[in-house]
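Take a look at the structure below.
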Amino acid sequence: MLGRTAQNLFWLSRYVERAENMARLLEVGYRMSLTSRREGGASEHLVSMLQAAEADEAFNAKHKQADVVSVSQFMLFDETNPSSVRSCLLAARTNARSVRTALTTDMWESLNSAWLEFAALDPREVTGSRLVELLRWVRTVSYRYRGALLSTFLRDDGYAFSQIGNFVERADNTARILDMKYYVLLPRTDLIGGDVDIQQWTLILRAASAHRSYRHVYHDRYKAWNIADYLILRPEMPRSLLFSYSWINRTLDMLEEIYGGKGRGHAAAAEVNTMLDGNSMDRIFAYGLHEFLTEFIARNNQVTEALAESYNFY
Amino acid sequence: MTNVDGSIREPYSILDQWLKQQPAEAMGVMAADAEAIFRRLGITFAVYGSNEGTEKLIPFDIIPRIISAVEWRRLSKAIEQRVRALNAFLHDIYHRQEILRAGRIPEKLILDNSAFCPEMMGLDPARGVYSHIIGVDIVRVGPDDWYVLEDNLRTPSGVSYMLEDREAMLQLAPDLFQRLKVAPVDSYPENLRRTLDSVAPPGASGAPTLAVLTPGIYNSAYFEHSFLADQMGAELCEGQDLFVENGKVFMRTTMGPRRVDVIYRRIDDDYLDPLTFKPDSMLGVPGLFDAYRAGNVTLVNAPGTGIADDKAVYTYVPEIIEFYLGEKPLLKNVPTYNCTRADERAYVLEHIAELVVKEVHGSGGYGMLVGPTSTKEMHDIFREKILARPDNYIVQPTLALSTCPTYVESGVAPRHVDLRPYVLVGDQIRITPGGLTRVALKQGSLVVNSSQGGGTKDTWVLED
Chain A
2 MLGRTAQNLF WLSRYVERAE NMARLLEVGY RMSLTSRREG GASEHLVSML QAAEADEAFN
62 AKHKQADVVS VSQFMLFDET NPSSVRSCLL AARTNARSVR TALTTDMWES LNSAWLEFAA
122 LDPREVTGSR LVELLRWVRT VSYRYRGALL STFLRDDGYA FSQIGNFVER ADNTARILDM
182 KYYVLLPRTD LIGGDVDIQQ WTLILRAASA HRSYRHVYHD RYKAWNIADY LILRPEMPRS
242 LLFSYSWINR TLDMLEEIYG GKGRGHAAAA EVNTMLDGNS MDRIFAYGLH EFLTEFIARN
302 NQVTEALAES YNFY
Chain B
6 MTNVDGSIRE PYSILDQWLK QQPAEAMGVM AADAEAIFRR LGITFAVYGS NEGTEKLIPF
66 DIIPRIISAV EWRRLSKAIE QRVRALNAFL HDIYHRQEIL RAGRIPEKLI LDNSAFCPEM
126 MGLDPARGVY SHIIGVDIVR VGPDDWYVLE DNLRTPSGVS YMLEDREAML QLAPDLFQRL
186 KVAPVDSYPE NLRRTLDSVA PPGASGAPTL AVLTPGIYNS AYFEHSFLAD QMGAELCEGQ
246 DLFVENGKVF MRTTMGPRRV DVIYRRIDDD YLDPLTFKPD SMLGVPGLFD AYRAGNVTLV
306 NAPGTGIADD KAVYTYVPEI IEFYLGEKPL LKNVPTYNCT RADERAYVLE HIAELVVKEV
366 HGSGGYGMLV GPTSTKEMHD IFREKILARP DNYIVQPTLA LSTCPTYVES GVAPRHVDLR
426 PYVLVGDQIR ITPGGLTRVA LKQGSLVVNS SQGGGTKDTW VLED
């Protein structure tokens, strides 16, 4: 396989995953802005969401006021926002186009038709219920792509690069959401949490589609400690850091088998593993949640760099 | 579809019945379905100089064009003769140039031609084949009366439309295939692979490694490049994916360098190798031509094949066939006026309203004049152009191209068509039964190029 093909497959999956995450974040921000009763509360929630998406600076450079229209337009359609749904879908399709021979027809068609539908939208019409509908649609684009990948893609090196890209992006996204809001998750003396805390916790959980499954796992009300545990260390939570890395490790094993040896990516991923495997929230809090997440994000990036070097991305 | 007397030609009788059985709205639904299929598959082409988006669909017409088995046998024999002669001509031009010594073609026409590639002199490509993939543009003007409009020996495109048009028709009109015995076209990718395998350099061990070299995703025919690579199981490469070391070509893979034996290149000669041709080319591979010259890689088609499909050389193809094969040409050339000769120029200037004027190096239907459907102003403009640069134009009579029923806004109506069958030359000559039928969608128009509002049709060659 060409190094460029491996690179394109890796980034293609990352962009699809990112589009899904951005849609989910925007949905949370929109929902919370609607339910806010305080003066200025709606805007605060939207700003908070922009921070979690790491899009607040770019947004502020263009807009004075964060309201539903300006924020949703920015997150969905803005070409200058590299993480807007538009930018992600276009980048995914462009990557797909240049490695079309490496994709199955189902995978290609899912991205091609998604982009054509999206490009035909009139941004001005996307308000209110249309907005929510569109955000759900973005998630189904990602599900369709992953569904096609899982059920039609040959289990070869191309599959491995796609999966690694997907989970590197997911881990990055979950870690960033946690890190942006880490201060509301720190253990404190008032264990119950105020209204603001609960809202922030809900934002974090909803952004990971975890607000309902949380109850099934913990049988308890929202607690900061559990939320951090859930998104970092729970092996059954499909957006947790541990879950993402269990996929990355399994896929790297597969690559090792195909290529008959390990690359630098294996060593880089092994280092991330030592942060997760057998770790506990006690130790993570003792180390410092923010410090832990910062280190995780940096090491997760190093996995991408190591893969690029080992497998001739260029 | 009809004879001169208005009766339905035999091969079309079943299609005609079928068309009459279709409810009025069924054709519209089929046309819409066809468009949806093509758009979802992403079968697009880019229009240069167009501002509205970079990708467009070529209009696809849902009514197939039909050729009888007898007609096809004659046609394919004639085409085979033509490509054998043209390859022999290329070998001669890049070796002893007997045809020039014999004075059958003016030396100046070849040696001063920008399509002549001096770097190819004395070079011996595998099996002596220069043009492996050829598209011959032909038109039918009467019963068994076919003319060649032009030969495409460089990098003819459109074969993916031949294949996808068939896929679409199978989905849209399965019942028609049950009534007619249509020769399949889907062996083309396999035959292409065999052809490329057969011209691998002698040193290649085992199954040769094939690469399709594309300028990239913004090229107008990118879809076709990826389609063919996929269908053949070849690697789709851009220039940056390949490099030359010690006179050998490698691709950069996830497991390190891998030797490449045959390159089906879809980039023009000038851009192939910045060290030999255009130094500022970003699309090519530095050193590629040296590896080719050393016999370590096969380029398909060879550089310099353009000398055989040049519009000025075209007029000599009947000579070429007789010179190398000692046979009478089976396919006719369209009579062509040479504007550098005073008597012919005078005729052209007087009769321009009846004639077709083409630029010698033009393509894609750009910069041409179709006298009968054009305006007086345009006639005058082209008269001046010809007077200013008589050697830059060739002029031909306007042919009465055959028509084929076509679904247009007003219903089913006749539209002019041409045909591009695809020929593969390697260990043997393989012609796919069918080809790309291009149709001029505008009423009365004779220009079938997609860049000028032309569309495509599936082409059905019937089996006995």
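These protein sequence lines are chains A and B, in that order.
The working numbering applies: residue 2 is where the first sequence begins, and numbers increase by one.
The working numbering applies: residue 6 is where the second sequence begins, and numbers increase by one.
Here a beta-carbon is modelled for each residue, glycine too, at the ideal position from N, C-alpha and C.
In this text, all values refer to a predicted model and were calculated from it rather than measured experimentally.
Minimum Cβ-Cβ distance from residue i to chain A less than 8 Å
| i | result |
| --- | --- |
| B/S18 | no |
| B/A188 | no |
| B/I357 | no |
| B/E240 | yes |
| B/R70 | no |
| B/R420 | no |
| B/T345 | no |
| B/R44 | yes |
| B/S231 | yes |
| B/I272 | no |
Residue i - DSSP class collapsed to helix/strand/coil
| i | result |
| --- | --- |
| B/D285 | coil |
| B/M167 | helix |
| A/T175 | helix |
| A/I199 | helix |
| A/E306 | helix |
| B/G54 | Bear in mind that a pLDDT of 44 at B/G54, under 50, signals an unreliable position, so the model cannot answer this. |
| B/P111 | coil |
| A/F297 | helix |
| A/L151 | helix |
| B/N343 | strand |
| A/H220 | coil |
| A/K65 | coil |
| B/I386 | helix |
| B/I84 | helix |
| B/A29 | helix |
| B/G376 | helix |
Beta carbon proximity, residue i to chain B, threshold 8 Å
| i | result |
| --- | --- |
| A/A7 | yes |
| A/G166 | no |
| A/S141 | First, the amino acid is wrong: residue 141 of chain A is Thr here, not Ser. For A/T141, the answer is no, since every Cβ of chain B falls outside 8 Å of its Cβ. |
| A/G1 | Any question about residue 1 of chain A goes unanswered here, given that chain A covers just 2 to 315. |
| A/L117 | yes |
| A/L232 | no |
| A/Y312 | yes |
| A/S114 | yes |
| A/R98 | yes |
| A/Y260 | yes |
| A/R101 | yes |
| A/M181 | no |
Residues bridged to residue i [DSSP beta-bridge criterion]
| i | result |
| --- | --- |
| B/G140 | B/N157 and B/Y427 |
| B/Y398 | B/E364 |
| B/E250 | B/K253 |
| B/N338 | B/V153 |
| B/H421 | B/T408 |
| B/E240 | B/A216 |
| B/Y269 | B/V217 and B/V305 |
| B/T461 | B/F65 and B/R443 |
| B/R145 | B/W151 |
Close beta carbons around residue i, own chain, < 6 Å, minus the five adjacent residues each side
| i | result |
| --- | --- |
| A/R207 | V29 |
| A/A7 | F162 and Y312 |
| A/V17 | A93, S143 and Y146 |
| B/V466 | I72, W77, A188, P438 and G439 |
| B/Y53 | Model confidence at B/Y53 stands at a pLDDT of 49, short of 50, so the residue's coordinates are unreliable; what they give is reported in the following sentence. For B/Y53, where only same-chain residues beyond five positions count, there are no Cβ hits under 6 Å. |
Beta-carbon proximity list for residue i, same chain, < 8 Å, skipping 5 on both sides
| i | result |
| --- | --- |
| A/R140 | E21, A24 and R25 |
| B/S55 | Caution applies to B/S55, whose pLDDT of 40 falls short of 50 and renders its modelled position unreliable; the value that the coordinates give is listed next. Contacts found: K61. |
7 Å CB neighbourhood of residue i in its chain, flanking five on each side removed
| i | result |
| --- | --- |
| B/I357 | G376, H384, F387 and R388 |
| B/E57 | In this predicted model, B/E57 has a pLDDT of only 39, less than 50, meaning its place in the structure is not dependable; the value taken from the coordinates is given anyway. So the list is empty, once near-sequence residues are dropped. |
| B/A445 | R420, H421, L451, V452, V453 and G459 |
| B/E243 | T219 and G221 |
| B/N92 | V134, Y135, S136 and V430 |
| A/W248 | Q164 and F168 |
Contact with chain C by residue i, beta-carbon distance below 8 Å
| i | result |
| --- | --- |
| B/D235 | The displayed structure is made up of protein chains A and B, and chain C is not among them. |
- Which runs of the alpha helix (DSSP H) spanning at least 4 residues fall entirely within the stretch 235-288 of chain A, listed in chain order? 242-260, 265-277 and 282-288
- Task: May I have a chain-ordered list of the alpha helix (DSSP H) segments no shorter than 4 residues that lie completely inside the stretch 77-143 of chain A?
- Result: 86-99 and 106-120
- Task: Kindly provide the ranges of any beta strand (DSSP E) runs that are 3 or more residues long and lie completely inside the stretch 303-338 of chain B, ordered along the chain.
- Result: 303-305
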